[in-house]
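Input: a single structure, listed below in structure tokens.
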Amino acid sequence: MSYEEIFDFYIAIYSVVAASIGCFSGFKNDTFRPWIPAFVTYGVGAIVIYFKYFDELFRLVGNLIFLVALLWIILIVFKEYFQLKKDVGNLGSGLKIVAIGFIFLLYLNPSEILLLIVRIGLLVLEITCIIMLFRIYQIKRTLTHAFLVLILIGAFIETFTVYLNSLALPTMRELNFIANFVFITLIVGTAFVAYVEQRLVLSERQYREAFNRAEFYKDLFVHDINNILQNISISSDLLVMEGDNVDLPKKKDLLNIIKEQVQRGGKLVTSIRKLSQIEEGQVSTRPIEVCTILKKVIARIKNLNQEKEVEIQLDCPYQELMIQGNELLIDVFENILLNAIKHNKNRRVEIQVILSKDQQCIKFQFQDNGIGISDARKRDIFQRSYSNQSRTKGLGLGLSLVKKIIRSYSGDIWVEDRVAGDPIQGSNFIVRIPEMKS
Numbered sequence: 319m320s321y322e323e324i325f326d327f328y329i330a331i332y333s334v335v336a337a338s339i340g341c342f343s344g345f346k347n348d349t350f351r352p353w354i355p356a357f358v359t360y361g362v363g364a365i366v367i368y369f370k371y372f373d374e375l376f377r378l379v380g381n382l383i384f385l386v387a388l389l390w391i392i393l394i395v396f397k398e399y400f401q402l403k404k405d406v407g408n409l410g411s412g413l414k415i416v417a418i419g420f421i422f423l424l425y426l427n428p429s430e431i432l433l434l435i436v437r438i439g440l441l442v443l444e445i446t447c448i449i450m451l452f453r454i455y456q457i458k459r460t461l462t463h464a465f466l467v468l469i470l471i472g473a474f475i476e477t478f479t480v481y482l483n484s485l486a487l488p489t490m491r492e493l494n495f496i497a498n499f500v501f502i503t504l505i506v507g508t509a510f511v512a513y514v515e516q517r518l519v520l521s522e523r524q525y526r527e528a529f530n531r532a533e534f535y536k537d538l539f540v541h542d543i544n545n546i547l548q549n550i551s552i553s554s555d556l557l558v559m560e561g562d563n564v565d566l567p568k569k570k571d572l573l574n575i576i577k578e579q580v581q582r583g584g585k586l587v588t589s590i591r592k593l594s595q596i597e598e599g600q601v602s603t604r605p606i607e608v609c610t611i612l613k614k615v616i617a618r619i620k621n622l623n624q625e626k627e628v629e630i631q632l633d634c635p636y637q638e639l640m641i642q643g644n645e646l647l648i649d650v651f652e653n654i655l656l657n658a659i660k661h662n663k664n665r666r667v668e669i670q671v672i673l674s675k676d677q678q679c680i681k682f683q684f685q686d687n688g689i690g691i692s693d694a695r696k697r698d699i700f701q702r703s704y705s706n707q708s709r710t711k712g713l714g715l716g717l718s719l720v721k722k723i724i725r726s727y728s729g730d731i732w733v734e735d736r737v738a739g740d741p742i743q744g745s746n747f748i749v750r751i752p753e754m755k756s
């Protein structure tokens, strides 16, 4: 076995290893993923071209496979560049240059035209791709794109040394070996960089989300817990100041205020815990029947609000409606119904719950005769950072929890006017959750 044959064998093995590492990294990195077909093709080409020592046909087939890999890379770079730049005018200029070059080549010896077109065309395309990828790097500023530029530079040098080697210039064979080795090493290096960078991006995103979540919980506790403690403090101070002089009804009222604030604090902690569980993906789902749950929630809400005249009508024309959910669906129904009662100034609170099928989903409509919600606030009330001093104050955390739960079921929630175009006639909270076929 000759020196060249041994070296080509190691190059083939190294190419396959590099292609495998590149594919693995491509599955982990979004930027690197479109390059996977090129790595697979390159690895196959490296194996095929080694068999040139047994039959020269393998050299031709291997080079054609390499050409496919290179053309795929060129296509990826062109696509990303023009998607980023939105500038098809540059593409027209490039085609004009290629056309002029092709006309010039027609004056050459016809037997040499094809090979020369391929070699010069590849070199021109590689240079163009290097420039494009460098401009992409200048915009995105990712380390992965910087190393991809190096890969293309390595590919250009390898292609150029292959051309020089075909001219039988001295030491060009050795230079081509070195260029080939450097190119493969760049693939391995870029794969590792892409993998590490993707891990860093994910870690940064998780850290940012955790930080924002912690800030939200902190702000929530600073505002709501202070408010709760202040109410408890005022009530207890009145009890101490009045002493034995306070009459029994007033004492009961003050004690009820303290009890309500304690319950409010407990509910706040429970809501935050549930929000955290949903955000961290700790809540599982199972098949549940929604009509039964809704009936139980309505009965419970009526029982809790006996001091008010509350009328809740359920319109459910189906015997059974199944979704993929969990016990948190109770929180959804309770929050919507309790908000409809809490923010209703009428002597008689009227709520109509209508269930229907909408395409592949179950549609819930909670229509009330309350104060309504202005168009400007319809989106904001579902934002967990929402805070204002309007008449809809107090909806923030409850409805942010509701939206999180519904989204975990692949559903959605929004609010409309009960009477279109007239917010003061009441609200219509609409929930859509995919139906599970039994």
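The working numbering applies: residue 319 is where the sequence shown begins, and numbers increase by one.
Ideal Cβ placement from N, Cα and C applies to all residues, glycine included.
Just so you know, these numbers come straight off a predicted model, no measurement behind them.
Check, Outcome
"Contact set for SER333: own chain, Cβ-Cβ below 7 angstroms, skip 5 residues either direction", "TYR360, GLY361, ALA364, ILE502"
"Sequence-distant residues of the same chain with beta carbon closer than 8 angstroms to PHE465, five excluded per side", "LEU504, GLY507, THR508, VAL511, ALA512"
"Range covered by the beta strand (DSSP E) that runs through CYS679", "679-686"
"Cβ pair ILE654, PHE700 closer than 8 angstroms", "no"
"Buried or exposed (CB count within 10 angstroms, at least 16 for buried), GLY688", "buried"
"Identified DSSP bridge partners for PHE534", "The partner list for PHE534 (beta bridge, DSSP) is empty, contrary to what the question assumes."
"Under the three-state DSSP convention, the category ASN662 falls into", "coil"
"Alpha helix (DSSP H) runs contained entirely in the stretch 350-410, provided each spans 4 or more residues", "354-368, 375-403"
"heavy atom of the ligand GDP below 7 angstroms from GLY643 C-beta", "In the structure on display, the ligand GDP does not appear, and there are no ligands present to speak of."
"Every unbroken alpha helix (DSSP H) within the stretch 506-565, with a cutoff of 4 residues, ordered by chain", "544-560"
"Endpoints, the beta strand (DSSP E) within which GLY643 is located", "640-643"
"Through-space distance from SER551 to LYS613, alpha-carbon basis", "38 angstroms"
"Bounding residues of the alpha helix (DSSP H) (the contiguous stretch that carries LEU487)", "Premise fails: LEU487 is in no alpha helix (DSSP H) and is neither H nor E."
"Straight-line Cα distance separating LEU393 from SER745", "53 angstroms"
"Beta-carbon separation (whole angstroms), ILE445 vs PHE474, contact threshold 8 angstroms", "7 angstroms"
"Nearest residue (CA-CA) to GLY729, options CYS679, GLY739, ILE742, MET490", "CYS679"
"Touching by the beta-carbon criterion (3+ pairs, under 8 angstroms), the stretch 579-591 and the stretch 603-618", "no"
"Continuous beta strand (DSSP E) stretch holding ASN746: start and end", "740-752"
"Cβ-based neighbour list, GLN595, same chain, cut-off 8 angstroms, excluding 5 preceding and 5 following", "VAL601"
"Environment of GLU645 [buried if 16+ CB atoms lie within 10 Å]", "exposed"
"Cα-Cα separation between ARG377 and PHE396, rounded to whole angstroms", "28 angstroms"
"Per-residue DSSP class, three states only, for GLU607", "strand"
"Nearest-angstrom Cα separation, counted from PHE747 out to PRO635", "19 angstroms"
"According to DSSP, residues forming a beta bridge with GLN701", "Per DSSP, none; premise fails for GLN701."
"Own chain residues within Cβ distance below 6 angstroms of LYS370, not counting five before or after", "PHE376, ARG377"
"Whole-angstrom C-beta distance between GLU515 and THR477, which should lie under 8 angstroms", "No, THR477 and GLU515 are not in contact; Cβ-Cβ is about 27 angstroms, not under 8 angstroms."
"Where the beta strand (DSSP E) containing ILE731 begins and where it ends", "730-737"
"Inter-residue Cα distance where the pair is PRO741 and TRP390", "56 angstroms"
"Closest Cα partner of LEU440 within the set SER343, THR479, THR489", "THR479"
"Cut-off 8 angstroms between Cβ atoms - residues of its own chain near GLU322, not counting five sequence neighbours on either side", "ARG491"
"Sequence-distant residues of its chain with Cβ nearer than 8 angstroms to LEU470 (five each side left out)", "ILE391, VAL395, GLU444, CYS447, ILE448, LEU451"
"Distance CB(GLN631)-CB(VAL671) smaller than 8 angstroms", "yes"
"Exposed unless 16 or more other CB atoms sit within 10 angstroms - verdict on ASN530", "exposed"
"Buried or exposed (CB count within 10 angstroms, at least 16 for buried), LYS722", "buried"
"Cβ neighbours of ASN773 in the same chain (closer than 7 angstroms, five flanking residues each side left out)", "Because the chain spans 319 through 756 in this model, residue 773 falls outside it and cannot be assessed."
"CB contact flag (LEU586, LEU639, <8 angstroms)", "no"
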